[in-house]
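> So that we are looking at the same thing, I have put the structure below in structure tokens.
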Amino acid sequence: MTISVRKLLAIVVLGAALAGCGSGQGATDHGTKAAPGAGKPAASGAAPAPRRPPTLAPAPGGLTPVFSRAPRGGQKVVALTFDADMTADQGPRAAGGEHFDNPALIADLRRLKVPATVFMTGRWADEYPAEARDIGTDPAFEVANHSYSHYAFKSDCYGLPVVGADAMRADVEKATASFRKAGVRNAVPYFRFPGGCYDDGALRTLAPLGMTAVQWDVVSGDAFARDANAVAEQVLAGVGPGSLVVMHCTRSAAPVTDEAVRRIVPELRARGYRFVKVSELIGSAGRG
Numbered sequence: 002m003t004i005s006v007r008k009l010l011a012i013v014v015l016g017a018a019l020a021g022c023g024s025g026q027g028a029t030d031h032g033t034k035a036a037p038g039a040g041k042p043a044a045s046g047a048a049p050a051p052r053r054p055p056t057l058a059p060a061p062g063g064l065t066p067v068f069s070r071a072p073r074g075g076q077k078v079v080a081l082t083f084d085a086d087m088t089a090d091q092g093p094r095a096a097g098g099e100h101f102d103n104p105a106l107i108a109d110l111r112r113l114k115v116p117a118t119v120f121m122t123g124r125w126a127d128e129y130p131a132e133a134r135d136i137g138t139d140p141a142f143e144v145a146n147h148s149y150s151h152y153a154f155k156s157d158c159y160g161l162p163v164v165g166a167d168a169m170r171a172d173v174e175k176a177t178a179s180f181r182k183a184g185v186r187n188a189v190p191y192f193r194f195p196g197g198c199y200d201d202g203a204l205r206t207l208a209p210l211g212m213t214a215v216q217w218d219v220v221s222g223d224a225f226a227r228d229a230n231a232v233a234e235q236v237l238a239g240v241g242p243g244s245l246v247v248m249h250c251t252r253s254a255a256p257v258t259d260e261a262v263r264r265i266v267p268e269l270r271a272r273g274y275r276f277v278k279v280s281e282l283i284g285s286a287g288r289g
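According to our numbering, the sequence shown is numbered sequentially starting from 2.
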């Protein structure tokens with residue numbers, strides 16, 4: 002079949018546009034700037050590129066960048082983050098009836114209309130695939146990587162077993178594979194070190210993955226806590242504009258988190274705060 006010159010030219014132009022849709026975006030200044038172009042409209046006449054969650058540029062020396070909060074003095078926004086922890090060797094405990102999930106907390110966040118970032122271990126996703134998929138397909142949430150094993154990425158980290166340097170990348174990638182298997186669709190390129198423990202060696206080893214390491218500036222104290230009011234008071238006393246709060250999504254290790262959240266959310270809203278996901282917090286830091 003003969004194709005006219007005009008039709009052939011149209012096919013070439015369409016092919017170039019489709020190829021452009023798959024191109025990624027680079028990152029900018031470490032610690033403050035998100036990837037350029039994030040949130041900007043596409044040029045007139047161009048097909049819109051898929052929106053990629055903002056990340057930070059590599060730190061000096063090519064290390065994985067670390068984000069702990071938005072710059073001070075910005076908008077009254079706060080990110081609540083929840084670690085869905087389960088270590089690789091806790092299967093027998095789960096089989097014995099210990100609950101490492103917390104459906105009531107997720108239900109409370111939905112009822113209160115609070116967007117949040119869940120830092121999930123691959124082992125947790127393997128144990129609770131239906132819950133991982135439920136969280137990972139809800140646009141109110143985003144799922145970030147918390148390793149597969151929840152073993153430490155440096156020594157002397159709360160007694161956790163230690164991942165060898167040669168196994169760190171594989172551990173992170175295994176978690177990503179578990180998310181994919183469970184049906185998580187809203188995974189973001191952020192990583193939280195188990196226990197928050199890391200060193201330059203770990204940052205260097207993980208740098209090729211192109212992720213941003215996410216820490217926090219407000220510790221909720223919900224791990225093993227029994228007093229929800231004490232947890233709430235600690236969060237409310239620590240939050241400032243741009244804060245990032247670490248909490249947990251595990252019933253057995255953090256049994257009062259949902260109760261604390263039910264007090265934290267209305268009080269912060271009364272103070273004029275808006276809740277955002279980590280991706281928005283990093284994006285707002287880049288626009289600041």
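Glycine included, C-beta positions come from ideal geometry on N, C-alpha and C. In this text, all values refer to a predicted model and were calculated from it rather than measured experimentally.
In three-state terms, what does DSSP make of residue 59?
Of the three classes helix, strand and coil, the one that applies to residue 59 here is coil, per DSSP.
> Since residue 221 is in the beta strand (DSSP E), which residue starts that stretch and which ends it?
Taken as a continuous stretch (DSSP letters only), residue 221 belongs to no beta strand (DSSP E), as it is neither H nor E.
> In whole angstroms, what separates the C-alpha of residue 147 from that of residue 273?
Their Cα atoms are separated by approximately 31 Å.
> How is residue 162 classed by DSSP in three states: helix, strand or coil?
Reduced to three states, the DSSP call for residue 162 is coil.
> Roughly how many whole angstroms lie between the Cα atoms of residue 282 and residue 90?
Residue 282 and residue 90: Cα-Cα distance of roughly 34 Å.
> Among residues of its own chain, excluding the 5 on either side of residue 202, which ones have a beta-carbon nearer than 8 Å to its beta-carbon?
Around residue 202: 155 and 166.
> Can you list, in chain order, the residues of its chain whose CB lies under 7 Å from that of residue 280, leaving out five sequence neighbours each side?
Closer than 7 Å at Cβ, skipping near neighbours: 54, 55, 143 and 189.
> Pop quiz: residue 85 and residue 122 are said to be a contact at Cβ under 8 Å. What is the actual Cβ separation, rounded to whole angstroms?
Yes, they are in contact, since the Cβ atoms of residue 85 and residue 122 sit about 6 Å apart, within 8 Å.
> Which term fits residue 71, buried or exposed, when burial requires 16 or more other beta carbons within 10 angstroms of its beta carbon?
Classification of residue 71: buried, given that the 10 Å Cβ count is 16 or more.
> Which whole-angstrom value is the C-beta distance of residue 138 and residue 184, which I expect to be below 8 Å?
At roughly 7 Å, the Cβ-Cβ gap stays under 8 Å, so residue 138 and residue 184 are in contact.
> Which full runs of the beta strand (DSSP E) of 3+ residues lie inside the segment 165-226, going along the chain?
Those beta strand (DSSP E) runs which fall completely within the segment 165-226 and span 3+ residues are 188-192 and 213-215.
> How should residue 278 be labelled, buried or exposed, when 16 other C-beta atoms within 10 angstroms of its C-beta is the threshold for buried?
Buried, by the Cβ-count rule.
> Excluding the 5 residues preceding and the 5 following residue 126 in the sequence, name in chain order all residues of the same chain whose CB lies nearer than 6 Å to its CB.
Excluding sequence neighbours, residue 126 sits near 133, 179, 180 and 183.
> Between the beta-carbon of residue 195 and the beta-carbon of residue 152, is there less than 8 Å?
In contact: residue 195 and residue 152 (Cβ atoms closer than 8 Å).
> Report the three-state DSSP secondary structure of residue 71 (helix, strand or coil).
Residue 71: coil per DSSP, three-state reduction.
> Could you work out which residue in 83, 174 and 150 is closest to residue 104 when comparing CA atoms only?
Ranking the options by Cα distance to residue 104, first place goes to 83.
> So for residue 113, helix, strand or coil by DSSP?
Residue 113: coil per DSSP, three-state reduction.
> Please list the segments of the alpha helix (DSSP H) lying wholly inside the segment 78-153, counting only runs of 4 or more residues, in order along the chain.
92-96, 104-112, 123-128 and 130-137, all fully within the segment 78-153.
> For residue 1, is the classification buried or exposed, using 16 other Cβ atoms within 10 angstroms of its Cβ as the cut-off for buried?
Because the chain is modelled from 2 through 289, residue 1 falls outside the range shown and cannot be assessed.
> Starting from residue 52, trace the alpha helix (DSSP H) in both directions and tell me its first and last residue.
Note, residue 52: premise wrong, no alpha helix (DSSP H); not H, not E.
> Could you give the C-beta distance for residue 253 and residue 99, rounded to a whole number, given that I count them as a contact under 8 Å?
Confirmed, about 5 Å.
> In terms of residues, what are the limits of the alpha helix (DSSP H) holding residue 269?
258-271 is the span of the alpha helix (DSSP H), which, as asked, contains residue 269.
> What first and last residue would you give for the alpha helix (DSSP H) that runs through residue 236?
Element bounds for residue 236: 229-239.
> Spell out the partners DSSP gives residue 275 in its beta bridges.
According to DSSP, which records beta bridges pairwise, residue 275 is partnered with 78.
> Assign residue 62 to one of two classes, buried (16 or more other C-beta atoms within 10 Å of its C-beta) or exposed (fewer than that).
Counting Cβ neighbours within 10 Å, residue 62 comes out exposed, since fewer than 16 surround it.
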